[in-house]
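Chemist: Residue numbers (the UniProt record's numbering): 1 to 277.
I'd like to ask some things about the structure below.
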Amino acid sequence: METATGVMSTLTENYEKLGKYMDNWRWEVGKTPLSEDIYPYSTSVTYLLVIFLLVKFMKNRKPMQLKGFSIVHNLNLILLSGSMLIGVLEAAYRQSQSQGTFSLFCEQSPNAVQGRIGFWIYIFYLSKYVELIDTVILALKKRSIIFLHVFHHMIMVPLTHLWLKEQWLSGSWWCTFVNSFIHVIMYYYYLQTTLGNQCWFKKYITTSQIVQFLTGTVVVTYWLIIRKSYNCQGGLIPGVVSNLINTSFILLFSKFYIDSYLKGRSSTPSSSKSKSE
């Protein structure tokens, strides 16, 4: 009983320390890891080069299995996405209680992406580096790598960095919340397929991604409309860029959905089977 009490006491103490660290977290260019511009942009360029070289390298080689590595990778991203989902929701709730819900949609300070909510947006930014491994796994397994996949992974690293650099809260916390929720399900799907299990909800993941970008567009458009009237403090550039990227994602994911799940319905059974394979 004493041992259990001691463990609970230690966990509570560590949780309180983590909470204080998150509350005092600050984005400081040059001090915060990966905060300088060179990191996201050089990473995106390097990512494209590495994937291109890996595809060429694997052209005349047998696909690698990588089952164990894929399982660990997907499990890590399920846990990471779940943590970000809970963390940013709690942070948003705390902010709404202290500053009002409107502060989540119109920055009240020129340094709005700080403290607890800024910490989780920063973790979200770091997670985009980890997710680049998805494409490395596909290349080594000699799986099909479509433009949508590469563009999505490549653009998210500099985009999330821009949010932090410009201290743009409104769209960044919302994307962290919605994207983390979807990624819990998506990486669970990847885990199940790696284990050889069938999943019935693949197309609903794509649907939820389209809904994500639509809701993101609504949030950002609302912010752009009220920005001057309510003197929202976040930088204009990340809002405009985010809406442009959201629009491109809506078009690309919608096309993917149509090509993957609708076109086959109008085909003959044999041609439909060929496409699904």
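Virtual Cβ for every residue (Gly too), placed ideally from N, Cα, C.
Bear in mind the structure is a predicted one, so any value in this text is a computation, not a measurement.
(1) Apart from the five residues just before and just after Glu277, which ones in its own chain have a Cβ nearer than 8 angstroms to its Cβ?
(2) Taking just the CA atoms, how far does Ile121 sit from Val136?
(3) Cα separation between Phe213 and Asn24?
(4) Pairs of beta-carbons, one from the region 40–55 and one from the region 103–117, closer than 8 angstroms: are there three or more?
(5) Under 6 angstroms Cβ to Cβ from Arg26, same chain only, skipping five residues before and after it: list those, please.
(6) Would Asp37 be called buried (16 or more neighbouring beta carbons within 10 Å of its own) or exposed?
(7) Which residues in the same chain as Ile71 place their Cβ atom closer than 6 angstroms to its Cβ, once the five residues preceding and following it in sequence are excluded?
(8) Compute the Euclidean distance between the alpha carbons of Phe181 and Ser208, then round it to the nearest angstrom.
(9) Out of curiosity, what's the CA-to-CA distance linking Ser272 and Ala91?
(10) So, does the region 162–176 touch the region 45–58, judging by three or more C-beta pairs under 8 angstroms?
(11) Could you give the residue range of the alpha helix (DSSP H) that holds Gln97?
(12) Just to confirm before moving on: does the CB-CB distance between Leu85 and Ser96 stay below 8 angstroms?
(13) Mind reading off the beta-carbon distance from Cys106 to Trp200? Whole number of angstroms is fine, and I expect it under 8 angstroms.
(14) Please list the segments of the beta strand (DSSP E) lying wholly inside the region 220–263, counting only runs of 3 or more residues, in order along the chain.
(15) Could you tell me the alpha carbon to alpha carbon distance between Ile250 and Thr12, rounded to whole angstroms?
(16) As a quick exercise: from Phe102, Gln167, Gly171 and Tyr230, pick the residue whose alpha carbon is nearest that of Glu28.
(17) Which term fits Arg116, buried or exposed, when burial requires 16 or more other beta carbons within 10 angstroms of its beta carbon?
(18) Leaving out five residues on either side along the sequence, give the residues of the same chain with a beta carbon under 8 angstroms from the beta carbon of Ser127.
(19) Starting from the C-beta of Ser274, find all residues in its chain whose C-beta is less than 8 angstroms away, skip the five residues before and the five after it, and write them out in chain order.
(20) The alpha helix (DSSP H) spanning residue 303 covers which residue range?
(21) Taking the straight line between their C-alpha atoms, what separation do you get for Phe151 and Leu252?
(22) Within 10 Å of its beta-carbon, does Tyr188 have 16 or more other beta-carbons around it, so buried, or fewer, so exposed?
(23) Would you identify the three-state DSSP class for Ala139, choosing helix, strand or coil?
(24) Could you check whether Trp173 and Gly216 sit closer than 8 angstroms to each other, using their CB atoms as the reference points?
(25) Taking the C-alpha atoms as reference points, what is the distance between Ser242 and Asn14?
(26) Around the Cβ of Asn170, are there at least 16 other Cβ atoms within 10 angstroms (buried) or fewer (exposed)?
(27) Within the same chain, show all residues whose beta-carbon is closer than 7 angstroms to that of Ile133, passing over the 5 residues directly before and after it, in chain order.
(28) Relative to the C-alpha of Leu140, which candidate in Asn179, Thr32, Met64 and Tyr93 has its C-alpha closest?
Modeler: Let's see:
(1) Counted from its first residue, the sequence shown places residue 277 at position 277. Low local confidence applies: a pLDDT of 25 at Glu277 is under 50, so the model's placement there is unreliable, with the coordinate-based value given in what follows. Around Glu277: no qualifying Cβ.
(2) For this step, residue 136 is matched to residue 136 along the sequence shown. For this step, residue 121 is matched to residue 121 along the sequence shown. Distance between the alpha carbons of Val136 and Ile121: 25 angstroms.
(3) Your numbering for residue 213 matches position 213 in the sequence shown. Your numbering for residue 24 matches position 24 in the sequence shown. Taking the straight line joining both Cα atoms gives about 31 angstroms.
(4) no
(5) On the sequence shown, position 26 is the one that residue 26 refers to. Around Arg26: Gln114.
(6) Position 37 of the sequence shown, counted from the first residue, corresponds to residue 37. Per the 10 Å Cβ criterion, exposed.
(7) Taking the first residue of the sequence shown as 1, we reach residue 71 at position 71. These residues qualify, in order along the chain: Thr194.
(8) In the sequence shown, counting from the first residue as 1, residue 181 sits at position 181. In the sequence shown, counting from the first residue as 1, residue 208 sits at position 208. So the alpha carbons of these two residues sit roughly 10 angstroms apart.
(9) As a first step, residue 272 must be located in the sequence shown, where it is residue number 272. As a first step, residue 91 must be located in the sequence shown, where it is residue number 91. In this prediction, Ser272 scores a pLDDT of 33, lower than 50, which makes its location untrustworthy; the coordinate-derived value is nonetheless stated afterwards. Taking the straight line from one Cα to the other gives about 47 angstroms.
(10) no
(11) Counting from 1 along the sequence shown, the entry for residue 97 is found at position 97. That run of the alpha helix (DSSP H) goes Lys67 to Gln99.
(12) Looking up residue 85 in the sequence shown gives position 85. Looking up residue 96 in the sequence shown gives position 96. Result no, Cβ atoms of Leu85 and Ser96 do not sit closer than 8 angstroms.
(13) What you label residue 106 is simply residue 106 of the sequence shown in a count that begins at 1. What you label residue 200 is simply residue 200 of the sequence shown in a count that begins at 1. Their Cβ separation, rounded to whole angstroms, is 41 angstroms, which puts Cys106 and Trp200 out of contact at 8 angstroms.
(14) none
(15) As a working note, residue 250 is residue 250 in the sequence shown. As a working note, residue 12 is residue 12 in the sequence shown. Distance between the alpha carbons of Ile250 and Thr12: 43 angstroms.
(16) Residue 28 sits at position 28 when you count from the first residue of the sequence shown. Among Phe102, Gln167, Gly171 and Tyr230, the Cα nearest to that of Glu28 belongs to Gln167.
(17) Working through the sequence shown from its first residue, we reach residue 116 at position 116. Buried, by the Cβ-count rule.
(18) As a first step, residue 127 is located in the sequence shown; it is residue number 127 there, counting from the start. Here the set comprises Leu77, Leu80, Ser81 and Met84.
(19) Walking along the sequence shown from the start, residue 274 turns up at place 274. At Ser274 the pLDDT is 32, less than 50, meaning the model places this residue with poor confidence; the figure from the coordinates comes in the next sentence. Excluding positions up to five away in sequence, the list is empty.
(20) Since the first and last residues shown for the chain are 1 and 277, residue 303 lies out of range.
(21) The residue labelled residue 151 in the question sits at position 151 within the sequence shown. The residue labelled residue 252 in the question sits at position 252 within the sequence shown. Each residue's Cα considered, the two are about 10 angstroms apart.
(22) Position 188 of the sequence shown, counted from the first residue, corresponds to residue 188. Per the 10 Å Cβ criterion, buried.
(23) Along the sequence shown, one-based indexing puts residue 139 at 139. Of the three classes helix, strand and coil, the one that applies to Ala139 here is helix, per DSSP.
(24) Start at 1 with the first residue of the sequence shown, and residue 216 comes out as number 216. Start at 1 with the first residue of the sequence shown, and residue 173 comes out as number 173. No, the Cβ-Cβ distance between Gly216 and Trp173 is not below 8 angstroms.
(25) Here residue 242 refers to the residue found at position 242 when the sequence shown is read from its first residue. Here residue 14 refers to the residue found at position 14 when the sequence shown is read from its first residue. Near 36 angstroms, if we compare the C-alpha coordinates of Asn14 and Ser242.
(26) Locating residue 170 in the sequence shown gives position 170, where the first residue counts as 1. Looking at the sequence itself, residue 170 is Ser, so the reference to Asn does not match. Buried: at least 16 other Cβ atoms inside 10 Å.
(27) Numbered from 1 along the sequence shown, position 133 holds the residue referred to as residue 133. Cβ within range, chain order: His73.
(28) Start at 1 with the first residue of the sequence shown, and residue 140 comes out as number 140. Minimum Cα distance to Leu140 is reached at Met64.
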